[in-house]
Amino acid sequence: MSRPHASSQKTLIAHALKAERDVSAATSQRQALEAAIDAAEHYMKALSLAGTTNDKQSLDAKCKEWLSKAEKIKEAKDWRSAIRVHDRHAAELQTPVSTRPLTTREEIIMLEGAKLNGFIFPPWAGPPSLEEFEPSEGGQLFIDKPDLHLSDKQKAIFDGWKRPSELLAKHAEGDTFVMSVSDSTDLVQDVLTDCSVVASLCATTSRLERGVDKRYLPVIYPCEYDTGRPKPSSSGRYILRFYFNGCFRKVVIDDRLPSSKTSRSLYVVDRKNPKFLWPALVEKAYLKLRGGYDFPGSNSGTDLWVLTGWIPEQVFLHHEDVNSDQIWKRLFRSFQYGDVLLTIGTGKLTEKEEEELGLVSEHDYAILDMKEFKGRRQMLVKNPWAGVDTAGGRTENALESNAPHDRSSLSPGTFWMDCEMVFQNFENLYLNWNPSLFKYRQDIHFTWDLAAGRGVPGCFMKNPQFAVTSETGGTVWLLLGKHFRTIDRPGYSSSEDSQAGFISIYVFNADGKRVFLSDGALHRGPYVDSPNTLMRLEVPPRTTYTAVVSEESLPALSQNFTLSALSISPVHIAPSQNKYMCVTKVQGSWMPSTAGGNAESARYPTNPQFALSLSNDTDISILLESSDTELAIHAKLFFSNGKRVTRVRNRDIVTDSGDYRRGAALAEKRDLDKGVYTIVCSTFAPDQLGRFTLWVSSMVPCEVKSLSPEGAGRRAVLSDIGVLPPGRDRMLAPLQVPRLTRIKLIARSRRSTIGSHPVGPSPVLMTVELGQGPYKEILATSEDGDHSDAISGVRIDDFDLHPGLEDSRGVWIVLERIGGPGGQVEDHFEVEALAEERVEIGECLKSADIGRFAARAAQIERVKPVVAYWCNYWIANQIIERGLHRSDHEVERYAMDLMEKLEQFRNENADNDTVIDAVAANAYVEQFGLEVFNRADTTMRANKVTKQTADTFQAAATFLELCQIWNPLEPEIAAKIKFAKYHALRIVKAIKAGEDPNATNPVIKDDDQTEGPAVTEEDLEAQPAADLASQAQQPTVEEVPDESERAERATARQSSMDESLHPSRSTSATRPQRTSDSFTIPDVPTSAPWTPAPETGPAGEGSTLDLPSAPATIASSSSIPNLPDTPSNLGSHDPAASNSFHSFPPPSNLTPSSPPATFHQPSYFYNQPKPNDWAPSPPAQPYTAPVPVVSRPVQQPAPAAVPTVSAPSQSNPQGIDDQAIALAQKHARWAVSALTFDDVDTAIKELRNSLKYLGAE
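Start counting the sequence shown at 1; every next residue gets the next number (UniProt numbering).
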């Protein structure tokens, strides 16, 4: 039984549905409103007849829907949009729209984008009304002027612009054209070179043919408003909606198409439907905005973006990260749903590859379909070029034999291809995504003025940057689009070449703040030559990223861009803010005089430098940007009180930019204290020239001021090259000024070698001294009185110098070095004087290296008066042998006083063998030097090295060098001297560098108790100095003694330290009260500037001996505050000498005043008579009579016999050679030395060994 009123209800619903269709077909707002009201009334009547709850609910909803829609149609300005609000097929209405309000500047950019290639393309305001397509008065058809450009090849066959009726007049089926077809299409290009456009049209029509959508893309008006199917225009006027230059825009064309004199076509045709002109009109509209029919093509991804507004993405198929399985899974389902359009492009192919593959080089293809069949994944590929009838080549044939599809239904040039083959033979895959996949969108439009200067690659200081924020997180796509520009027609060769260049997007996790360098990017997009690029992101909740727009090789023009953010959740985009409040910009350049290179270059201080003044604590950023992208550059910030940096020390560096970087370098520092600092800008290598920009960003205002060059406003004077050969560590030159002058002195190393091998410069100390001799005065010193091996040289800062001082004692520039390893380094130095007035640096003079001997004599005079005596003896002999006493009255007087004291001490100790006997003296001094050496070496073995240890090593080397008074140094002693000097230098350098000197101590095996081979000069020349410490065996040293050994040795030293080697144990001098069980070299007097003051405390196991001041009996520190090293009288200098610095040969090469005798009898060591006379007394008239040279004590002839041993004859019947004699002498000295410590057993043992070498049992 049927329900009552059922038939009446169905009739009412049928009338309501007809009214809905009338609304869609309405041609005016009035018609649409009446139809909407009619539909609402019929649904309302049907509701009154509804009998079930479901019917009532459904009809009630329909009533409300159409009453609401009628109200919107009535009030809406765009009534057509209102009637399609609920139309699911209206793709453009599903597209998310940016809700971000535009700034005034952005609105101007939108207006600028409307002017393109001589036409106006206003932003899209809505679908046009039907009135826009009505013919004009008089029935004239619409003509769009000016006509589009044609290429020369096209002009050769061009037969005029013709309407569709004219073009189809000769067609057998009549001249009526159509704007839509119901069956499949086969679109091809012919003469035109717009393969990318035709491939794009093939992709959109295939989507329609697969039944995914009923609407044509792109939308063209006039059309059926309910289905979007295009209709012919009675006026010949068509309007299209394209997306370019930041928004959808209105493109107006007429229906005139270029005709051809031949069978070739000048527009896209459908080979299946020749009267189907919709593709040709869309092609004309697109070519209008791209400049004309001579458009050479771009890429189909860009073309589809313009035609449809769908989001473009480019996949580089040959990139290492591309995986065909992942791409297929990502695309297949979306393609079936119609949410992505696919096109592909080939790369550059050779003719042979084209023939073999059946593909066209640098050509775009459309993907019409994707299928999966029995595990085989295939794509239907279409070649849009009419010049090929098939795909050709082996590709198609191979696929055809196994193809699961019917090829008979395929158009020519269309073929199935395996997914893997597509990825292998094509280069680019273009994806265009339906924007309706996203719900939210925000656009920002900006101008990048590249004409005003662009940043260097990798430096983003000038790049546009934006903060992208997502509160809830999720997928966010960033699309960067470069606006099209009007083509410069005379130089037009291609749409892409005319706007050559590449763009990319970088993303940083920087909280939306601006970044300065490309380093540390979270995501880096590829650089593409397309006008668009896409970055896909997964953004965590409540995160703000910084997106940076980057470019390479774009024209130096003002370019407009649009950056769009699309997301499934709310997203916001805004310009990034600088995280610093204040930015200071300074320009500079590296010129020939200021391009000093890196910190390892001696010219580093000449680099451009800037004083940075901060009034408050702040975070700071220093960005250095070079105009030459090939220059590797660097920036350092120093603690220097705003003064020029002259040397690089780690403790002075606040921060730097890390490794040298091409184009740009960034240094940042958080919480920098207020003050004045210095910025140094450098290139990696010296003499690299270029301009740069320095950006200093901070949270508080700062001042950046360029510092003048070191020699600015001053006269520079260079000295001759001074040479310090091995064994000489001091040289000097006179300095004169015409008037009171402020001077800065710089000493630079010009060359340092060991033999022929270059090495680093020795640490050097430069002083300015008034006079020479015992009463000289130090006026200025470099590096706070410390030796320095800074590659940039050592400096004496500004000091004032008065004229006329050269007439009294003279002013001297003195260079003193710590000799290189083993004293084998030859250093070449040059001194530069920067003064307000011209100064004169005189001829460089010799220097006797005797200062350290005087300093050591003053240290040990109370503890070891005999060793102090021989130190002073060496000083006196050097002064007289070098003739220093003849050129300066003060030096002569000092020498005479010293000789008197020496003779007095000798007379007072006439019965002390260590004073009057050469062998005993040599053994005594050698033993003492070895004791000091062993103390330092023991400390080093125990890894307890301090600054005192370095001084102890230096003292040991000095004492051991005294042995050359009697004989040339033995290889063992010479090796220990070299060893001591090397480690003293190593320890001092480590401490000055703030490093632990124990970290570089040599590793010595615990069982190494024997004396290793001596290190010879040849070894040092053949082996770098830095490797000396790593030798497996070192000169003889002792292990750290245990407590019992230390007590025993302390007791022995207390009883015999200062006694004679003679068996009678006669005292050599009054022994001071011992206060410790060990002996340590006390501090060097402050008057000796050649060595740094040692640290307080023990050098080894024992405590430092607290010594009283040295008496004036020999040479106290007060009597010789400095040494009589060089005469002040230049006239006494050898006229044949070189004009460069030089010094005396090493002491080991000196010829003794009385050559030592040659012995062949062991009795000689124990029966030497005491000499009656030693050195003559000083003359009564020191200024007129010559001063005699202090002679060395000579060894006396041996007596005829020795009671215990028969002396062999002079003929040496046993054939004892020189080596045996030398070994006998060595063991005899060891025996004498053993008696110093009451070690009778060892003395007997060594005497027996000595006799054994001489053939006696």
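C-beta: ideal position from N, C-alpha, C; glycine also.
Checklist entry - Under 8 Å, do residue 1262 and Ile746 count as touching if we go by C-beta distance? => result The structure shown has nothing for residue 1262, since the chain only spans 1 to 1257.
Checklist entry - Got a sec, what are the start and stop residues for the alpha helix (DSSP H) Gln336 sits in? => result Within the sequence shown, numbered from 1, the residue matching residue 336 stands at position 336. Unbroken alpha helix (DSSP H) run through Gln336: Ser324 to Tyr337.
Next on the checklist: Just verifying my parser: in three-state terms, what is the DSSP assignment at Ile1216?
Outcome noted: As a working mapping, residue 1216 is identified with position 1216 in the sequence shown. If DSSP states are grouped into helix, strand and coil, Ile1216 belongs with coil.
Item to check | Three-state secondary structure (DSSP) of Gly785 | outcome: Here residue 785 refers to the residue found at position 785 of the sequence shown. Three-state result, Gly785: helix.
Item to check | Beta-carbon proximity check, Asn872 vs Asn922, cutoff 8 Å | outcome: Position 872 of the sequence shown, counted from the start, is the residue given in the question as residue 872. Position 922 of the sequence shown, counted from the start, is the residue given in the question as residue 922. No, the Cβ-Cβ distance between Asn872 and Asn922 is not below 8 Å.
Item to check | Asn117 and Gly246 closer than 8 Å at C-beta | outcome: Taking the first residue of the sequence shown as position 1, residue 117 is located at position 117. Taking the first residue of the sequence shown as position 1, residue 246 is located at position 246. In this structure, Gly246 does not lie closer than 8 Å to Asn117 by Cβ.
Next on the checklist: Whole angstroms are fine: how far does the CA of Thr475 sit from the CA of Glu538?
Outcome noted: Residue numbering aside, residue 538 sits at position 538 when the sequence shown is read from its first letter. Residue numbering aside, residue 475 sits at position 475 when the sequence shown is read from its first letter. Looking at the two C-alpha atoms, the distance is approximately 5 Å.
Item to check | Per-residue burial, Met535 [other beta carbons within 10 Å of its own, 16 or more giving buried] | outcome: Working through the sequence shown from its first residue, we reach residue 535 at position 535. Under this definition Met535 is a buried residue.
Next on the checklist: Using 8 Å as the threshold, is the C-beta distance between Asp789 and Ser762 below it?
Outcome noted: Indexing the sequence shown from 1 puts residue 789 at position 789. Indexing the sequence shown from 1 puts residue 762 at position 762. A contact, by the Cβ cut-off of 8 Å.
Checklist entry - Taking the alpha-carbon positions, what's the Thr1242 to Ala910 distance? => result Start at 1 with the first residue of the sequence shown, and residue 1242 comes out as number 1242. Start at 1 with the first residue of the sequence shown, and residue 910 comes out as number 910. If you take the alpha carbons of Thr1242 and Ala910, they lie about 28 Å apart.
Next on the checklist: Here's a check: name, in chain order, each residue in its chain whose Cβ is nearer than 8 Å to the Cβ of Gly458, leaving out the five neighbours to either side.
Outcome noted: The residue given as residue 458 occupies position 458 in the sequence shown. If we look at Gly458 and ignore the five residues flanking it on each side, its Cβ neighbours are Leu517, Ser518, Asp519, Arg661, Arg662, Gly663 and Ala664.
Checklist entry - Are the beta-carbon atoms of Leu707 and Ile813 separated by less than 8 Å? => result Within the sequence shown, numbered from 1, the residue matching residue 707 stands at position 707. Within the sequence shown, numbered from 1, the residue matching residue 813 stands at position 813. No, they are not a contact pair.
Checklist entry - Quick one: what does DSSP say Leu47 is sitting in, helix, strand or coil? => result Locating residue 47 in the sequence shown gives position 47, where the first residue counts as 1. In this structure, Leu47 counts as helix in the three-state DSSP scheme.
Checklist entry - How is the alpha helix (DSSP H) around Phe928 delimited, first residue to last? => result Sequence index remark: in the sequence shown, residue 928 carries index 928 (1-based). Where Phe928 is concerned, the enclosing alpha helix (DSSP H) stretches over Ala918 to Arg941.
Next on the checklist: Spatial neighbours of Gly455 within its chain, please: C-beta separation below 8 Å, excluding the five flanking residues on both sides.
Outcome noted: Here the question's residue 455 lines up with position 455 in the sequence shown. Result list for Gly455: Met461, Lys462, Asn463, Glu625 and Ala664, in chain order.
Checklist entry - Does the beta-carbon of Gly392 have 16 or more other beta-carbons within 10 angstroms, so that it is buried, or is it exposed? => result In the sequence shown, residue 392 corresponds to position 392, counting from 1. Interpretation of Gly392 is limited by its pLDDT of 41, a score under 50 that renders its predicted location unreliable; the figure taken from the coordinates is listed afterwards. Buried, by the Cβ-count rule.
Checklist entry - Would the beta-carbon of Ser260 fall within 8 Å of that of Ile157? => result Along the sequence shown, read from residue 1 onward, the residue named residue 260 stands at position 260. Along the sequence shown, read from residue 1 onward, the residue named residue 157 stands at position 157. Yes; because the gap between Cβ atoms is below 8 Å, this pair is in contact.
Item to check | Three-state class that DSSP yields for Arg795 in the structure shown | outcome: For the purposes of this step, residue 795 is taken as the residue at position 795 of the sequence shown. Of the three classes helix, strand and coil, the one that applies to Arg795 here is strand, per DSSP.
Checklist entry - When DSSP labels each residue in this structure, what does Ile622 get in the three-state scheme? => result The residue you call residue 622 lines up with position 622 of the sequence shown. Of the three classes helix, strand and coil, the one that applies to Ile622 here is strand, per DSSP.
Next on the checklist: Does any residue of chain D have a CB that is nearer than 8 Å to the CB of Val648?
Outcome noted: Among the chains in the structure shown there is no chain D, since it carries only a single protein chain.
Next on the checklist: My output table needs one value for His634: the three-state DSSP class, helix, strand or coil.
Outcome noted: Translated into the one-based positions of the sequence shown, residue 634 becomes position 634. His634: strand per DSSP, three-state reduction.
Checklist entry - Does the beta-carbon of Asn641 have 16 or more other beta-carbons within 10 angstroms, so that it is buried, or is it exposed? => result As a position in the sequence shown, residue 641 is number 641, starting the count at 1. It is exposed - the Cβ of Asn641 has fewer than 16 other Cβ atoms within 10 Å.
Checklist entry - Which residues in the same chain have their Cβ closer than 8 Å to the Cβ of Tyr43, if we skip the five residues on either side of it in sequence? => result Residue 43 sits at position 43 when you count from the first residue of the sequence shown. So the qualifying residues of the chain are Leu12, Ile13, Ala16, Leu59, Lys62, Cys63 and Trp66.
Item to check | Under the three-state DSSP convention, the category Gly690 falls into | outcome: Working through the sequence shown from its first residue, we reach residue 690 at position 690. Residue state, collapsed to three classes: strand.
Item to check | Beta carbon of Trp278 nearer than 8 Å to that of Tyr216 | outcome: Your numbering for residue 278 matches position 278 in the sequence shown. Your numbering for residue 216 matches position 216 in the sequence shown. Yes, these two residues count as a Cβ contact at 8 Å.
Checklist entry - With C-beta atoms as the reference, is Val198 less than 8 Å away from Pro384? => result To locate residue 198, count along the sequence shown from 1; it is residue 198. To locate residue 384, count along the sequence shown from 1; it is residue 384. Yes, these two residues count as a Cβ contact at 8 Å.
Checklist entry - If Thr683 and Ala632 are in contact, beta carbons under 8 Å, what's the gap, nearest whole angstrom? => result Within the sequence shown, residue 683 is the residue found at index 683, counting from 1. Within the sequence shown, residue 632 is the residue found at index 632, counting from 1. Between Ala632 and Thr683 the Cβ distance is about 7 Å, and since that is below 8 Å, they are a contact.
Checklist entry - Looking only at C-alpha atoms, which of Ser234, Val269 and Glu783 sits nearest to Leu201? => result As a position in the sequence shown, residue 201 is number 201, starting the count at 1. Checking every option, the nearest Cα to that of Leu201 belongs to Val269.
Item to check | Selected residue, minimal CA-CA separation from Glu840, among Asn54, Gly804, Gly851 and Tyr869 | outcome: The count along the sequence shown starts at 1 and reaches residue 840 at position 840. Measuring from the Cα of Glu840, the nearest candidate turns out to be Gly804.
Checklist entry - If you run the structure through DSSP and keep just helix, strand and coil, what is Ala1234? => result Counting from one through the sequence shown, the residue named residue 1234 turns up at place 1234. Correct three-state label for Ala1234: helix.
Checklist entry - Opposite Asn463 in the DSSP bridges: which residues? => result Working through the sequence shown from its first residue, we reach residue 463 at position 463. According to DSSP, Asn463 bridges with nothing at all.
Next on the checklist: Less than 7 Å between C-beta atoms, sequence neighbours within five positions excluded: which residues of the same chain meet that for Thr95?
Outcome noted: Translated into positions along the sequence shown, residue 95 becomes position 95. So the qualifying residues of the chain are Gly309, Pro435 and Ser436.
Item to check | Which listed residue (Glu551, Pro122, Arg237 and Glu353) has its alpha carbon closest to that of Pro135 | outcome: Residue 135 sits at position 135 when you count from the first residue of the sequence shown. Nearest option by C-alpha distance: Arg237.
Checklist entry - Is the Cβ-Cβ distance between Ala70 and Ile37 less than 8 Å? => result Reading the sequence shown from its first residue, position 70 is the one you call residue 70. Reading the sequence shown from its first residue, position 37 is the one you call residue 37. Result yes, Cβ atoms of Ala70 and Ile37 sit closer than 8 Å.
Checklist entry - Leaving out the 5 sequence neighbours to the left and right, which residues in its chain are closer than 6 Å to Pro1035 when beta-carbon positions are compared? => result Residue 1035 sits at position 1035 when you count from the first residue of the sequence shown. In this prediction, Pro1035 has a pLDDT of 33, which is less than 50 and means its spatial position is unreliable; nothing more can be read from the coordinates.
Checklist entry - Under 8 Å between the Cβ atoms of Val764 and Val794? => result In the sequence shown, residue 764 corresponds to position 764, counting from 1. In the sequence shown, residue 794 corresponds to position 794, counting from 1. In this structure, Val794 lies closer than 8 Å to Val764 by Cβ.
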